[in-house]
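Its first residue numbered 1, the sequence shown is counted upward by one per residue in full-length UniProt numbering.
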Amino acid sequence: MSLFFWWDPLAQDDGNTLVSKGGIYELGFFTPGNSNKRYLGIWYKKIPIQTVVWVANRINPINDSSGTLTLNNITGNLVLTQNNETVVWSTTSNSLRKKSVVAILLDTGNLVLIDEKEENKENFLWQSFDYPTDTFLPEMKFGLDFKTGLNRRLTAWKSPDDPSPSDFSFGMVPHNYPDAYMMKGDKKFYRSGPWNGLHSSGSPQVRPNPIYDFRFVYNKDELYYTYSLKNSSAVTRLVLNATASLRYRYVWIESAKRWETYTSVPLDLCDTYALCGAYSSCVISDSPVCQCMKGFKPKSPQAWYAMDWSNGCVRNKALRCEEKNKDGFVKLSDVRGKGSGCALWFGDLIDIRQFAAGGQDLYVRMDSSELDHVNEGHNKKKGVIVAVIVSLAIAIICGILILGWCYRQKSSTYVKDKSDFSIKEDRQNSGMQQVDDGDLPVFNLSTIAKATNNFTISNKIGEGGFGPVYKGILADGVEIAVKRLSTSSGQGLNEFKNEVKLIAKLQHRNLVKLLGCCLEGEEKMLVYEYMPNSSLDSFIFDEQKSELLDWSKRFDIICGIARGLVYLHQDSRLRIIHRDLKLSNVLLDKEMNPKISDFGMARIFGGDQNEGNTRRIVGTYGYMAPEYASDGLFSVKSDVFSFGVLLMEIISGKRSRGYYNQNQSHNLIGHRIGQ
């Protein structure tokens, strides 16, 4: 039953429930945990673990089996009664046509009242989404409606046995810059930070993902945050948990029949609201985590060094606002502040956290004498500027002379190949190397090292035949992936040159973009756009993550790979044979769009050439065409063969090489042909 009419009551003792049209959610009576009390609620219909997402009478439970839910034809409201007389809960709609009101449980989990005679069926008279309990579902609005005065906030259950409201809540606060707070009673416990256009400013680690899209709306009528599913088959919810004092996001893993924690907050000690007091910044990697800002000192030194930071910090020197003092500002980078754009904050600065990357810039006003101290003296700064200008002028003149000499010597030192690409050693620059490939940028080693945090293991995101791959963030905030050639790699300078000369000139939405390279001493690195969802094989062959790829998404991915191949084989200036097409060489961007990568083994065909031959067989067995694996013959057909293997892997979820049945072939192709 998906419709509920006034003449058809829902009684607790008859076991009837109201089920959404698609069979996703169910409304009925339930008893939580070890309690003996009864509640009217909504839960997932198809999930074996009863997971309640909304409770109607959480304040007034029913003590026996006499509960009845009716749609009152006089008021047009849902009414929950005990012993057919005591009202324990009811809705608050104001329909003029009482008898044409019906209740519907939607596939979003939203219980709504509508007027059957109303043409616009989305004009709800009342909806449960306006009165959430502890769970935030997709399409629900979390925030305020300024016209009606509604404040849609989450309040945790007191315990797994008691859904009544606890003192642990999460809601939007509209004052000054809108923000979301977790509260324990009237005490602030956690602040997410204002919306900056991409995410909450206090959560730079939150990035676009393959499960849902989030959106923030703020206008004269409404202030709310919402999210919608990218994959209709995914099941996710955000829950406030009073027992753990945490906010969880769960994802249902069908194959494992369990809820998996996707994210949770607070993440660490620095997420605690105002932990360090005023004018102090929390840095989780420091010890102690709280540090006074530049130009400030502990207000209570004895308590501060005893790790009681609640009193915060005070200025070394008070501000003097006379113009002659020329007060200025000190910049603090990557902090949790007050939102995007130009936001002015008056009064004490509290709840400031410094992130490794992805935060915002905060400018703090300082007395002029304090500014001089921070900047190591005003006069010294002038001298440094003059020295820098003179040094730059000398460097530019020397650079022009060196470039002129290099140009004259160019034709006699090396010959450019047909792809207009070359690498040569500059002996006068201690092993520095030059790339001659049109507009391809060259990064300094220091820039890449800083972006990847000196190639720390925490920044390492993978390893391939070329060597390790690191995630990095450039100074302008651009995320990058860095492939660093390993000394033990089977690939070397030729493969490096091959990748640069090919992919640098290719521009297609289904090919990974090369941003530049780094050649310094023994270091050879390629810098790409960062793909947040890693490679396709990490989804297809993972039992849990594969649940996130429904057939529609898999079809889109297959079409994207095919478009990339068509470009390489037909639409680019030169015909390019990839020779190593496989799932691990297909990367996924934030929208799960596929991008073909790793062109180190690729070959160029020019003119009317359709086939090539090599004695050096490279690639991955299981993806190689038979004529290439045995005789070294390769062509467009070689990539098409690999694409066919890749296609079967995407559909079946099985690897191209492996054991599947003792009476069948030991590879996926033979297994499918045998069937």
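Even for Gly, the Cβ is constructed at its ideal location relative to N, Cα and C.
In this text, all values refer to a predicted model and were calculated from it rather than measured experimentally.
Cα-Cα separation between residue i and residue j, rounded to whole angstroms
i: Ile352; j: Asp64; result: 51 Å
i: Gln127; j: Leu111; result: 6 Å
i: Asp348; j: Ala278; result: 6 Å
i: Val265; j: Phe643; result: 42 Å
i: Phe541; j: Thr236; result: 21 Å
i: Phe466; j: Met648; result: 27 Å
i: Leu144; j: Arg152; result: 6 Å
i: Phe455; j: Gly464; result: 16 Å
i: Ile350; j: Ser280; result: 7 Å
i: Asp107; j: Ser35; result: 29 Å
i: Tyr39; j: Glu116; result: 28 Å
i: Arg215; j: Gly632; result: 52 Å
i: Lys121; j: Leu514; result: 50 Å
i: Ala306; j: Ile457; result: 33 Å
i: Val478; j: Ser310; result: 36 Å
i: Tyr623; j: Ile651; result: 16 Å
i: His578; j: Ser233; result: 34 Å
i: Gly185; j: Gly312; result: 23 Å
i: Phe129; j: Ala103; result: 14 Å
i: Gly149; j: Asp550; result: 40 Å
i: Pro210; j: Thr620; result: 28 Å
Range of the contiguous alpha helix (DSSP H) that encloses residue i
i: Thr81; result: Counting along the chain, Thr81 falls outside any alpha helix (DSSP H), though it belongs to the beta strand (DSSP E) covering Leu78 to Gln82.
i: Pro301; result: Pro301 to Tyr305
i: Met648; result: Val636 to Ser652
i: Trp551; result: Trp551 to Val566
i: Lys450; result: Leu445 to Ala451
i: Asp537; result: Asp537 to Ile540
Contact set for residue i: own chain, Cβ-Cβ below 7 Å, skip 5 residues either direction
i: Asn459; result: Thr452, Asn453, Tyr470, Lys471 and Gly472
i: Asp134; result: Leu154, Thr155, Ala156, Trp157, Val239 and Leu240
i: Lys637; result: Ala625
i: Val283; result: Val289, Gln291 and Gln354
Residue i, enclosing beta strand (DSSP E) - first and last residue
i: Thr261; result: Arg258 to Val265
i: Tyr218; result: Tyr212 to Tyr218
i: Cys282; result: Ser280 to Cys282
i: Ala56; result: Note, Ala56: premise wrong, no beta strand (DSSP E); not H, not E.
i: Asn151; result: Leu150 to Arg152
i: Glu26; result: Tyr25 to Phe30
i: Ile42; result: Tyr39 to Tyr44
i: Arg166; result: Contrary to the premise, residue 166 reads as Ser rather than Arg in this sequence. Looking at the DSSP string, the run of the beta strand (DSSP E) that includes Ser166 is Asp162 to Val173.
i: Phe605; result: Arg603 to Phe605
i: Asn36; result: Element bounds for Asn36: n/a, residue is neither H nor E.
i: Thr86; result: Thr86 to Ser90
i: Ile480; result: Glu479 to Arg484
i: Ser228; result: Glu222 to Leu229
i: Thr456; result: It is not in any beta strand (DSSP E) - Thr456 carries neither H nor E in the DSSP assignment.
Within 7 Å, strictly: CB atoms of residue i and residue j
i: Gly41; j: Val55; result: yes
i: Val289; j: Cys270; result: yes
i: Leu440; j: Ala481; result: no
i: Val314; j: Lys299; result: yes
i: Leu536; j: Leu583; result: yes
i: Lys37; j: Pro61; result: yes
i: Ser164; j: Ile59; result: yes
i: Arg249; j: Thr263; result: yes
i: Phe142; j: Tyr224; result: yes
i: Leu105; j: Leu27; result: yes
i: Asp571; j: Met531; result: no
i: Val87; j: Asn57; result: no
i: Tyr131; j: Arg191; result: no
i: Asp179; j: Val173; result: yes
i: Val527; j: Gly516; result: yes
i: Lys187; j: Tyr181; result: no
Close beta carbons around residue i, own chain, < 6 Å, minus the five adjacent residues each side
i: Val90; result: It is worth fixing the name first, because residue 90 is Ser in this sequence and not Val. Excluding residues within five positions, the ones whose Cβ falls inside 6 Å are Asn77 and Val79.
i: Arg655; result: none
i: Ile461; result: Val469 and Lys471
i: Leu246; result: Ser264
i: Arg484; result: Gly467, Pro468 and Met525
C-beta neighbour in chain C for residue i, strict 7 Å
i: Glu139; result: Given the protein chain composition of this structure (a single chain), no chain C is represented.
Close-in-space but distant-in-sequence residues of the same chain around residue i (CB under 8 Å, 5 per side omitted)
i: Asn510; result: Gly560, Ile561, Arg563, Gly564, Tyr567, Asn593, Pro594, Lys595 and Ile596
i: Leu502; result: Ser419, Ile576, Phe599, Ala602 and Ile604
i: Lys257; result: Pro48 and Ile49
Quiz item: Which parts of the stretch 95-131 are runs of the alpha helix (DSSP H), unbroken and 4 residues or longer, counting only runs that do not cross its ends?
Solution: none
Quiz item: In chain order, which continuous runs of the beta strand (DSSP E) of length 3 or greater are located wholly inside the stretch 567-602?
Solution: 575-577, 586-588 and 594-596
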